[in-house]
Structures are given as structure tokens and as C-alpha cells.
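*Asks:* Chains as they are written, first to last, in UniProt numbering: chain A, 1 to 208; chain B, 1 to 458. Take a look at this one; I'll ask things after.
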């Protein structure tokens, strides 16, 4: 979570500087800068995820050397899950908590002509994003571990894609549906990466 | 405009002294990982010295004052095991500290966000006489710096006074002072807090009920903190008084002064604990020399119970946990201690139970937890509370500060495990917290707001 925050900080810094250096009146330019800021932020998030991976790897080695049987008490998979989850939680919380706080107060949604479904779609989007971050974390760590760089590229690309799809809001059909499809696919991919399979699921369900 | 709190002049005094005591106490962030002896305040140290002095002699700063007659020499092979235990239980201790710090912050933030009283400007403390209602920025900055200087010098004077008192063994005075200030906190501040909360939610309560509630709350609190009580109840009370104190600070410190004071106090903390002539370091070392517990009610301990002064000599066997009220936790700790004893090849425990020394049981138990000074709780909560109060109603800033402080605490505990001596808990966390507060408030907030207004996600 800390790492995500730092990446957000740097991205905001870049955006802020760029906004102040540019013309404040031009709406199109501001929007363009926003897009640019968002893209930079996505890239920075992934970069910090990589940095976090490196840090955890070092800690893992340290723990392994110290422990009694030469293996660390936490597996890399668990670390991947936790890191993805924490990225997801902090990013979700940052995206949605102000909206939640405002939703308590008096007001009418979309009174100025915006969509009245703002709150509920925000909720769904945030959920999708949290899940996605978790899945990305698992896939990312696994890809780094096995040095499958095309997987890495795919993760970054899907993050960019998701973020880009949100630009299509409030055309919710075009943004929500693809994002959920991406979430499902990424979830399956992460499940397979973490060692699961159809067989495992069946075994689990039949409580063997 | 009222610049002094008329009715609480006297109450602020002990409270502030108490605060300075607490902040004075905040630096020692001892870690009681098993087998680790870290220079730590109080009995634990004495005990620690006794147990681990032999294996860690080169590293230990206060080794010289060990009165370690019965402990046989440790082999260095034990060091590895100890390190391992350190790391294994180190993570557990971090979590044990996260929970109370988080709870304290939650209480403070919840109160700030809901009860209006604590964000209204109703005068200032006597310790920050300069007002910040000035027309120019430069004047305001100057005033806040002056306020900070006054506050820090008050704290320094109090700390030095305390150390002197301790050195010259004026225990009754110190205990009386502590009891007075905790009385003040438990009764008066709770009364005000309860009053304000009831006002906010428009709940009626008659005076007899109020009197009953506050009397019970305060009396149980005094007993728990200064004498014996269930561990969790004691922890809860310590958290509550830290939160109350933090709320008082948030209300009565003007904006810029608060931030400058936070910065200055972490620098002071750093110096007071690490410099050889620092008052806090002298306090810790004196306590060590005398093998005495340091004051109760000033330190939050995560797995222990505190007693005032020395406990009765206890010649019961190690396994007896008659002093533990929190049987589950301490029972477990108890099991661990014989385990640890067994892991040491040479028997170091035999002199233990036969020694009629005071509070051996507790000492042994004590090293299973981690201790953090209450001043740390207070200043962390002040930072997060101020962020919640003044960051344009933004929750992101509060959350960012919260994460920053926890990460700082983590790092401090890590350093503690590495250096194994008393460390200031404030600097790293407060630095992170301040950096994150200012950057989130000014940089991240416009970014996130603009994104949210277009419903973009990153």
C-alpha cells in the first residue's frame, strides 16, 4: 500500500507540474493532460509493483537463510497475493472513499445532466479494480519469478486498457462490460498461474 | 478573543507535564523479542541484562550495570537461535503494536469527523501564546515558530526536571504527579468529551447517571493503569487517554504551530534518545542501573501487565502465573519462556526461581511484548487527526497519513531489531506522515478529484 501511495504521489506530482505549466483555460488540453497523467500513473504503479517484488525477493532470501529448514515461512505466492490485494485495497479506497463520504450527505445524483447511476457504477468499477489488482499481483510476481516477460507486458497492457476503458464513462455499456470481462479472464489466468486447475476445484468442492 | 483557557489553566499544567512526560517516554521503543535484550526502560531491561548479557555483551550498551550473578555463559550458537526467534516474533510484535495505534487513530478521527467541538477554535493553550490570526504569511510563520520554541522548551524543561527527580529518588513526588495528571485526564477530559459527544447526537443524560458513569470509568481506569488489572482493559484505557490527550492537542494548537511542533518534536526525540547526554537516555540508563521499573501509566505494553514499583518477592516457580490476569496471553508466554530456557544449552534458569528477587515472574513475562511510549500514540494521533480536521474534508489525506505512520512504525521496529537498543519512535513515522500529508493535500487531491469527476480510474 505504501508503494502504491508513493507511485500515486509521483504521478500526481508530474500531473500537477504539467497542469501548472500549461494553459489552464483550454479544456481539451486539460483533458489531454489528465489522460497523460492517468497513463503515467498506471506505468508508475506497475514500476513500483516491480520494485516491491524486488524488495520482497530480498526479504524472502533473508528469511530463508535464517529459518531452520532453509525455506522461508511465507511462500512467494502468498506474498504475491498479499501485495496485489494491498495495492488493490489502497487504490480502491482512494478511488471510492470520497464518493462514499459524499453519498451520505444530502444531494441528488446527476442533477446537472450527468448519469444518475454514478454511485453504483463507481462501486462496481472499484470492485473490479480491486480484484484486478489482486490478480495482476499474482500474475506479475509469477511472471517475474519465471522471467516470462511477455506476461509482464500483458499485465501492464491490460492495466492500461482498463484505465483507458474508464475514459469511456459515462457510456457504461462500453466501459463496465469489457472491464468485467477483463476481470474474469485475468482471474482465471491468475488462478491457473497460482497452480489451480479444474481438478483442484472439483476436489475442493467435493471435500476430499 | 480568549487566548487562554481560563478554567483549565491548572488542568493543562499537569496534562502538559504529563504529555511532556509521555513524549519524554516515547523514545524508548523497546522490543521484547525473545531472548533479545534491548536496552529498554525498566525491569525488562534489568531482566534482559541478566538473561542475555553473556551472549550479547559486546553489543549491549548497558552491559556494565548487570548484576548478573547467576547466569552462566551463553554459547554463541544460541545467538542464531535468538536471532531466528527475533525475526519470527518480530513480525508478531509489529502487529501487536499496529492494532493499538490504529485503534487510537480511529477513535481520534471518528471524533474529529463527527463532533464539531474539537475543530472549533476556542482559544489556545497557555504554552502557545502567539496567535495565528495575523494578516501576513511571514508574521504567521514567525508566530508558529515562536510557539514551537516555547512548547519544546517547556517539554525539555519538564523532561530534565523529571530526570533530576528520578536521579535523586524523589519517587513519591513523581508518583503523585503522575497520579494527579491521570486523574485529570480520566475524569475531567472524559467529562468534557462525553458532554460534547452527547451534545452532537442530541442525547439527553441526567447528572446522576453521568456522575455514575464517569466515576466508574475513572476509578477503574486509575486502578488499571496504576495498579493491577486485566491486560486488555489496561491497554484500552491507555488508548483512550492517549486519544483524549491527542484531541485536546488538536483542538488547542493552532494550525501551523501544530505542524511545526510535530516536526520539532521528532527532532527533539531523536536527539534526546540518541545523544549520550540526552535526558531520555539518562533516564533509561538510570532505570537500568537501579534495576527498577520505570513509571507506570506512561508506556503501552502489548503483552504485559505493569505493577507500580517493585512487586512482592515471588519465589514461586516459573510456571506459576499468579500475577497474570490475562491468562490466555500470558499463559502462552509462560509456556514459551520455559521453552526458550530449554533451548539454551546451559541451564540458566536454575538460579531463577530460587532467587528471592522481586518481580522475577513479571520480568520474565514482560519480555514477551513490545512497549511503546504513550507520547508516540499521542503524536501519531495528533498528526492523523489534524489531517482529518484540516485537509478540506478529504479522506484520502487521512488514509495516506495513516499508512505512512504505520510504515514508519514498521521501519522503526525493524531498526530496533537490528540495533537492539532504545530508539525514538517518533522521527521516521512523523517524517513520513508530514511528507505524505503535505504532498497528498496539495498534489494528489486535485489529481484524484479531477479523475473522480470524470469517473476515471487509474
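Here a beta-carbon is modelled for each residue, glycine too, at the ideal position from N, C-alpha and C. Computed from a predicted structure; not experimentally measured.
Determine the contact status of residue 163(B) and residue 283(B), defining contact as a CB-CB distance below 8 Å.
*Replies:* The count along the second chain starts at 1 and reaches residue 163(B) at position 163. The count along the second chain starts at 1 and reaches residue 283(B) at position 283. It is a contact, given that the beta carbons lie within the stated cut-off.
*Asks:* Tell me whether residue 463(B) sits in a helix, a strand or coil according to DSSP, three-state version.
*Replies:* Shown here, chain B extends from 1 to 458; a query on residue 463(B) therefore has no answer.
*Asks:* Counting only C-beta atoms, is residue 85(A) closer than 8 Å to chain B at any point?
*Replies:* Taking the first chain and counting its residues from 1, the one referred to as residue 85(A) is at position 85. No, residue 85(A) does not count as interfacial toward chain B.
*Asks:* Count the other CB atoms within 10 Å of the CB of residue 418(B); is the residue buried (16 or more) or exposed (fewer)?
*Replies:* Within the second chain, the letter at position 418 stands for residue 418(B). By the neighbour-count rule (16 or more Cβ atoms within 10 Å), residue 418(B) is not buried but exposed.
*Asks:* Residue range of the beta strand (DSSP E) that residue 136(B) falls in?
*Replies:* As a working mapping, residue 136(B) is identified with position 136 in the second chain. Careful: residue 136(B) lies outside any beta strand (DSSP E) and carries neither H nor E.
*Asks:* From the DSSP output, in three-state form, read off residue 41(A) for me.
*Replies:* Indexing the first chain from 1 puts residue 41(A) at position 41. Reduced to three states, the DSSP call for residue 41(A) is helix.
*Asks:* Could you compute how far the alpha carbon of residue 186(B) sits from the alpha carbon of residue 105(B)?
*Replies:* By 1-based counting over the second chain, the position of residue 186(B) is 186. By 1-based counting over the second chain, the position of residue 105(B) is 105. The alpha-carbon atoms of residue 186(B) and residue 105(B) are separated by roughly 19 Å.
*Asks:* Taking only beta carbons into account, state which residues of the region 109 to 134 of chain A come closer than 8 Å to chain B, listed in chain order.
*Replies:* Answer in chain order: 118, 121, 122, 125, 126 and 129.
*Asks:* Closer than 8 Å, Cβ to Cβ, to anything on chain B: give me those residues from the region 87 to 98 of chain A, in chain order.
*Replies:* Those would be 90, 91, 93, 94, 95, 97 and 98, in chain order.
*Asks:* Grab the span of the alpha helix (DSSP H) containing residue 76(A) for me, first residue to last.
*Replies:* Working through the first chain from its first residue, we reach residue 76(A) at position 76. Residue 76(A) -> alpha helix (DSSP H) spans 76 to 104.
*Asks:* Where DSSP assigns a beta bridge to residue 371(B), which residues make up the other side?
*Replies:* Reading the second chain from its first residue, position 371 is the one you call residue 371(B). Paired residues: 301(B).
*Asks:* Within this structure, are the beta carbons of residue 122(B) and residue 132(B) separated by less than 8 Å?
*Replies:* The residue you call residue 122(B) lines up with position 122 of the second chain. The residue you call residue 132(B) lines up with position 132 of the second chain. Taking 8 Å as the Cβ cut-off, residue 122(B) and residue 132(B) do not qualify as a contacting pair.
*Asks:* Specify whether the region 2 to 16 of chain A and the region 77 to 95 of chain A touch according to this definition: at least 3 beta carbon pairs, one from each stretch, less than 8 Å apart.
*Replies:* Yes, they touch.
*Asks:* Compare the C-beta of residue 163(A) against all C-beta atoms of chain B and say whether one is closer than 8 Å.
*Replies:* Along the first chain, read from residue 1 onward, the residue named residue 163(A) stands at position 163. Answer yes: the Cβ-Cβ gap between residue 163(A) and chain B drops below 8 Å somewhere.
*Asks:* Counting along the chain, where does the alpha helix (DSSP H) carrying residue 256(B) start and finish?
*Replies:* Stepping through the second chain from its first residue, residue 256(B) is reached at position 256. Taken as a continuous stretch (DSSP letters only), the alpha helix (DSSP H) holding residue 256(B) covers 255 to 274.
*Asks:* Report the residue from 193(B), 279(B) and 387(B) whose alpha carbon sits nearest the alpha carbon of residue 437(B).
*Replies:* Within the second chain, residue 437(B) is the residue found at index 437, counting from 1. Among 193(B), 279(B) and 387(B), the Cα nearest to that of residue 437(B) is on 387(B).
*Asks:* Short check: CB of residue 194(A) to CB of residue 49(A), under 8 Å?
*Replies:* As a position in the first chain, residue 194(A) is number 194, starting the count at 1. As a position in the first chain, residue 49(A) is number 49, starting the count at 1. No, the Cβ-Cβ distance between residue 194(A) and residue 49(A) is not below 8 Å.
*Asks:* Taking the straight line between their C-alpha atoms, what separation do you get for residue 287(B) and residue 55(A)?
*Replies:* As a working note, residue 287(B) is residue 287 in the second chain. As a working note, residue 55(A) is residue 55 in the first chain. One C-alpha to the other measures close to 39 Å.
*Asks:* Measure the alpha-carbon distance for residue 61(A) versus residue 75(A) and round it to whole angstroms.
*Replies:* In the first chain, the residue the question calls residue 61(A) occupies position 61. In the first chain, the residue the question calls residue 75(A) occupies position 75. Distance between the alpha carbons of residue 61(A) and residue 75(A) is about 11 Å.
*Asks:* Any Cβ of chain A within less than 8 Å of the Cβ of residue 460(B)?
*Replies:* The structure shown does not extend to residue 460(B), since chain B spans only 1 to 458, so no value can be given for it.
*Asks:* For my contact list, residue 117(B) and residue 196(B) are in at a C-beta cut-off of 8 Å; report their separation, rounded to the angstrom.
*Replies:* Position 117 of the second chain, counted from the start, is the residue given in the question as residue 117(B). Position 196 of the second chain, counted from the start, is the residue given in the question as residue 196(B). Yes, residue 117(B) and residue 196(B) are in contact; Cβ-Cβ is about 4 Å, under 8 Å.
*Asks:* I want to see whether chain A comes within less than 8 Å of residue 345(B), judged by CB atoms only; does it?
*Replies:* The count along the second chain starts at 1 and reaches residue 345(B) at position 345. Only weak support is given to the placement of residue 345(B): the predicted model assigns it a pLDDT of 36, under 50, and the value that follows is read from those uncertain coordinates. For residue 345(B), the answer is no, since every Cβ of chain A falls outside 8 Å of its Cβ.
*Asks:* Can you name the residues of chain A whose CB is closer than 7 Å to the CB of residue 207(B)?
*Replies:* Position 207 of the second chain, counting from 1, holds the residue named residue 207(B). Simply none; closest approach about 33 Å.
*Asks:* On a Cα-Cα basis, can you pick out the residue from 145(A), 95(A) and 146(A) that is closest to residue 394(B)?
*Replies:* The residue labelled residue 394(B) in the question sits at position 394 within the second chain. The option with the nearest alpha carbon to residue 394(B) is 95(A).
*Asks:* When DSSP labels each residue in this structure, what does residue 128(B) get in the three-state scheme?
*Replies:* To locate residue 128(B), count along the second chain from 1; it is residue 128. In this structure, residue 128(B) counts as coil in the three-state DSSP scheme.
*Asks:* Looking at C-alpha atoms only, which residue of 445(B), 389(B), 384(B) and 203(B) is the closest neighbour of residue 430(B)?
*Replies:* Stepping through the second chain from its first residue, residue 430(B) is reached at position 430. Considering only alpha carbons, the answer is 384(B).
*Asks:* Which stretch, first to last residue, makes up the alpha helix (DSSP H) that contains residue 207(B)?
*Replies:* Translated into positions along the second chain, residue 207(B) becomes position 207. Element bounds for residue 207(B): 207 to 226.
*Asks:* Suppose you measure from the CA of residue 152(B) to the CA of residue 13(A); what does that come to, to the nearest Å?
*Replies:* Here the question's residue 152(B) lines up with position 152 in the second chain. Here the question's residue 13(A) lines up with position 13 in the first chain. In a straight line, the C-alpha of residue 152(B) is about 33 Å away from that of residue 13(A).
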